[in-house]
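S.K.:
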Ligand code: AMP
Ligand code: GLY
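Take a look at the structure:
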């Protein structure tokens, strides 16, 4: 099969890495890819939102299957356009991608179908949103309704912050994504990510994975796309997995079918485990980044048939096998991220990772200039290591990180700490 992966981040690098290893894959392309992906796939310089160009490329290259990484092309209807010309594609269509593309839509759907979440309200008038925020008081959560690359959410500790967040959205900070404002009750608890392959009413959970969103050690500082991840995730116990399946995943999958938007693809639920049980924080219609970079190295089953079964509606007959090992991924970002950061600095020493056992290097934002690897993004590299448990994987990953010579980059040194302290808690 000829397979095209759409996207350019670490998630897409891990998808290309896993797909390229499948005996079913005869050729792999990535649009647009990045410096590291070009070692695993043929990179084609097409923007993920240039739907016409992607469809034309898939047709002219006789692509059999397209795997879409990021949410924006899914919400823009890339899968609809590919399927319309007979090209099989992994990911939800535009109607189903609304689960991520409109936070208000997702909240209303959950509300109609009794899926637990925070109290919330939707506003198209900023003045009405401000009145509501003042009536509720802080803490409170203010969100731009649409896709804002993870930056549209403010967890406001004070009324002043909440008002400023509403004002920023009203001023157009997020463009059309801020045409509607969603205000939510603050949920308190531990956050967990839950991933499942979904086709219609069939939901096949993936193993647990957890990311660290905050930029600084100890999980403090501004939120990022994710500074690292680990799998399995002790927060998702077997009983919590059962509860999330029964109370969130299955009802949402059924609701989407009932409302004429059957879901196909990977569904990622961000959940807050509160004293009243799990409550939905948000849905994403794609794999997490960097969660994908710890899930796929632990997947023993061939990824390609799993993705195809999701697309073809044959998940009911499917099971997935996972390595018992743990995986930890540490993201290296350009200094300054998630604020302003420098681009174009050279990264040296990466070739030494090739010989390290159980270490896999994924690129998120790099370009090759001759033989030099140059940083082009905020999150630039993701190094994943496997180990018998999270503690061993963590040691191995930092040994690998330490040989990378990149003075303009930084990483958190504590990725996986929660899993390590919870396992120490169990054994002492
Ligand atoms: P979202 O993109 O909607 O998941 O929001 C990004 C982050 O904001 C989440 O991962 C949570 O840490 C936080 N967050 C979002 N909504 C809420 C909420 N209602 N209560 C508490 N924290 C929230
Ligand atoms: N790691 C968070 C996300 O992919 O949205």
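Residue numbers (our numbering): 102 to 529.
Backbone N, C-alpha and C fix where the C-beta goes; we use that ideal spot for every residue, glycine too.
When burial is assigned at 16 or more other CB atoms within 10 Å of the CB, is residue 277 buried or exposed?
M.R.: Walking along the chain shown from the start, residue 277 turns up at place 176. Answer is exposed; the Cβ neighbour count stays below 16.
S.K.: On the DSSP bridge assignment, give the partners of residue 433 in chain order.
M.R.: In the chain shown, counting from the first residue as 1, residue 433 sits at position 332. BP columns for residue 433 point to 482.
S.K.: Check whether the segment 410-424 and the segment 136-147 touch, using three or more Cβ-Cβ pairs below 8 angstroms as the test.
M.R.: They do not touch, by the three-pair rule.
S.K.: Please work out which residues of its chain come closer than 8 angstroms, Cβ to Cβ, to residue 315, disregarding the five sequence neighbours upstream and downstream, and give them in chain order.
M.R.: In the chain shown, counting from the first residue as 1, residue 315 sits at position 214. Counting only Cβ-Cβ distances below 8 angstroms, and skipping sequence neighbours, we find 321, 322, 323, 324, 325, 328.
S.K.: Does the pairing of the segment 450-460 with the segment 141-155 give three or more beta-carbon distances under 8 angstroms?
M.R.: As far as the Cβ criterion goes, the segment 450-460 does not touch the segment 141-155, which means the pair count is below three.
S.K.: Helix or strand or just coil, what does DSSP make of residue 515?
M.R.: Here residue 515 is taken as the residue at index 414 of the chain shown, counted from 1. Reduced to three states, the DSSP call for residue 515 is coil.
S.K.: Tell me the residue span of the beta strand (DSSP E) that contains residue 382.
M.R.: Taking the chain shown and counting its residues from 1, one reaches residue 382 at position 281. Residue 382 -> beta strand (DSSP E) spans 378-385.
S.K.: For residue 186, count neighbouring C-beta atoms within 10 Å of its own C-beta (all shown protein chains included) and say buried if the count is 16 or more, exposed if not.
M.R.: Reading the chain shown from its first residue, position 85 is the one you call residue 186. With fewer than 16 other Cβ atoms within 10 Å, it is exposed.
S.K.: Got a sec? Which residues, its chain only, sit under 7 angstroms from residue 416 by beta carbon, not counting five neighbours each side?
M.R.: In the chain shown, counting from the first residue as 1, residue 416 sits at position 315. Answer for residue 416: 298, 300, 303, 305, 410, listed in chain order.
S.K.: Per DSSP, what are the beta-bridge partners of residue 568 in this structure?
M.R.: The shown model of the chain, from 102 to 529, leaves out residue 568, and the question about it has no answer.
S.K.: From this set, 253, 386, 403, 496, which residue's C-alpha is nearest residue 295's C-alpha?
M.R.: Locating residue 295 in the chain shown gives position 194, counting from the first residue. It is 386 whose Cα lies nearest to the Cα of residue 295.
S.K.: Give the straight-line distance between the Cα atoms of residue 527 and residue 160, rounded to the nearest whole angstrom.
M.R.: If you number the chain shown from 1, residue 527 lands on position 426. If you number the chain shown from 1, residue 160 lands on position 59. Because the pLDDT of residue 527 is 48, which lies under 50, any placement of that residue in the model is unreliable, and the number read from its coordinates should be weighed accordingly. Roughly 54 angstroms separates the two Cα atoms.
S.K.: Report the three-state DSSP secondary structure of residue 221 (helix, strand or coil).
M.R.: By 1-based counting over the chain shown, the position of residue 221 is 120. In this structure, residue 221 counts as strand in the three-state DSSP scheme.
S.K.: Determine the extent of the alpha helix (DSSP H) in which residue 180 is found, giving its start and end residues.
M.R.: Here residue 180 corresponds to residue number 79 of the chain shown, with the count starting at 1. From DSSP, the alpha helix (DSSP H) with residue 180 extends over 179-185.
S.K.: Quick check: the segment 336-352 against the segment 215-222, are there 3 or more CB pairs under 8 angstroms?
M.R.: Contact between the segment 336-352 and the segment 215-222 is present, because at least three Cβ pairs lie under 8 angstroms.
S.K.: Alpha carbon to alpha carbon, how far is residue 445 from residue 503?
M.R.: Locating residue 445 in the chain shown gives position 344, where the first residue counts as 1. Locating residue 503 in the chain shown gives position 402, where the first residue counts as 1. Taking the straight line joining both Cα atoms gives about 21 angstroms.
S.K.: Taking 8 angstroms as the cut-off, is the CB of residue 438 close to at least one heavy atom of the ligand GLY?
M.R.: In the chain shown, the residue the question calls residue 438 occupies position 337. No; taking the cut-off as 8 angstroms, the Cβ of residue 438 has no heavy atom of the ligand GLY nearer than that.
S.K.: Would you kindly report the start and end of the unbroken beta strand (DSSP E) that includes residue 103?
M.R.: As a working note, residue 103 is residue 2 in the chain shown. That run of the beta strand (DSSP E) goes 103-108.
S.K.: Please determine whether the Cβ atom of residue 294 lies at a distance below 8 angstroms from any heavy atom of the ligand GLY.
M.R.: In the chain shown, counting from the first residue as 1, residue 294 sits at position 193. Yes, the Cβ of residue 294 comes within 8 angstroms of a heavy atom of the ligand GLY.
S.K.: Closer than 8 angstroms to a non-hydrogen atom of the ligand GLY - does that hold for the CB of residue 326?
M.R.: The sequence position of residue 326 within the chain shown is 225, counting from 1. Yes, Cβ of residue 326 sits closer than 8 angstroms to a heavy atom of the ligand GLY.
S.K.: Tell me whether the beta-carbon of residue 482 lies closer than 9 angstroms to the beta-carbon of residue 432.
M.R.: Mapped onto the chain shown, residue 482 falls at position 381. Mapped onto the chain shown, residue 432 falls at position 331. Yes; because the gap between Cβ atoms is below 9 angstroms, this pair is in contact.
S.K.: Unbroken beta strand (DSSP E) runs of length 3 or more, entirely within the segment 243-292: which are they?
M.R.: Taking only runs of at least 3 residues, the beta strand (DSSP E) segments lying wholly in the segment 243-292 are 254-257, 282-285.
S.K.: The ligand GLY heavy atoms versus the CB of residue 369: any closer than 8 angstroms?
M.R.: The residue labelled residue 369 in the question sits at position 268 within the chain shown. Yes - the ligand GLY has a heavy atom lying nearer than 8 angstroms to the Cβ of residue 369.
S.K.: What are the boundary residues of the alpha helix (DSSP H) that includes residue 352?
M.R.: What you label residue 352 is simply residue 251 of the chain shown in a count that begins at 1. Residue 352 -> alpha helix (DSSP H) spans 351-359.
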